[in-house]
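Enquirer: Mind having a look at this structure? Questions to follow.
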Amino acid sequence: MKTNFSTVFYLKKPKNYHQGPMPVYVRITVENKREDFTSGRSCDPMLWNQKTGRMRGTREEARTFNQLLDSIQHQLYEIHRKLTDKDEVITSKTLRNELTGKVSERRTIITIYAEHNAKVEALVGKEFSAGTAERYRTSLK
């Protein structure tokens, strides 16, 4: 399934901001659905280029900072490619979760209840009686 996405880096001003560095945020857009999250870095607004979404300058600090942003963008392209190869549905939220490592495991009520029953079986004679474990097994059927 082919989907296009875009990434933008921007500065977000905190509520009580007076001066100093501002946090750099990443915006991922997939099919007009946006997802914003922090890059974990901050930049002085006087050194920020709004059009390019990068730090101005040729000093080592600016180069390192821009390489970090390029790295984030490259990781997003790689995640997009992998999800496209697997024919999975690509949303801005899945891209963000894959990048930040918050991959949600889909668990059903049956699997959760089966895990609970396994714990009860292990505790038969200590905290649960055999009859209680049998009733839990019966309710799972």
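To convert a position in the sequence shown, counted from 1, into my numbering, add 18. Ideal Cβ placement from N, Cα and C applies to all residues, glycine included. Every value quoted in this text rests on a predicted model; they were computed, and no experiment measured them.
(1) Anyone know if the C-beta pair for K30 and M40 falls short of 9 Å?
(2) Determine the contact status of I46 and T25, defining contact as a CB-CB distance below 9 Å.
(3) Mark M73 as exposed unless 16 or more other C-beta atoms lie within 10 angstroms of its C-beta, in which case mark it buried.
(4) Report, in whole angstroms, the separation of the C-beta atoms of E53 and R114, which I expect to be a contact under 8 Å.
(5) Look at the alpha carbon of V107 and the alpha carbon of R59, and state the distance between them as a whole number of angstroms.
(6) Leaving out five residues on either side along the sequence, give the residues of the same chain with a beta carbon under 7 Å from the beta carbon of H36.
(7) What are the start and end residues of each continuous alpha helix (DSSP H) run of 4 or more residues lying completely inside the region 93-123, in chain order?
(8) Does the count of Cβ pairs from the region 150-158 and the region 127-134 closer than 8 Å reach three?
(9) Using 9 Å as the threshold, is the C-beta distance between L87 and S57 below it?
(10) So is T102 buried or exposed if we call it buried at 16+ other beta carbons inside 10 Å?
(11) Might you give, ordered along the chain, the residues of its own chain that have their beta carbon closer than 6 Å to the beta carbon of R81, omitting 5 neighbours on each side?
(12) Going by CA-CA distance only, name the one from G149, D105, G38 and V44 that's closest to M64.
Expert: On the basis of the coordinates in this document:
(1) yes
(2) yes
(3) buried
(4) 5 Å between Cβ atoms; contact.
(5) 30 Å
(6) none
(7) 110-118
(8) yes
(9) yes
(10) Exposed is the call here.
(11) none
(12) G38
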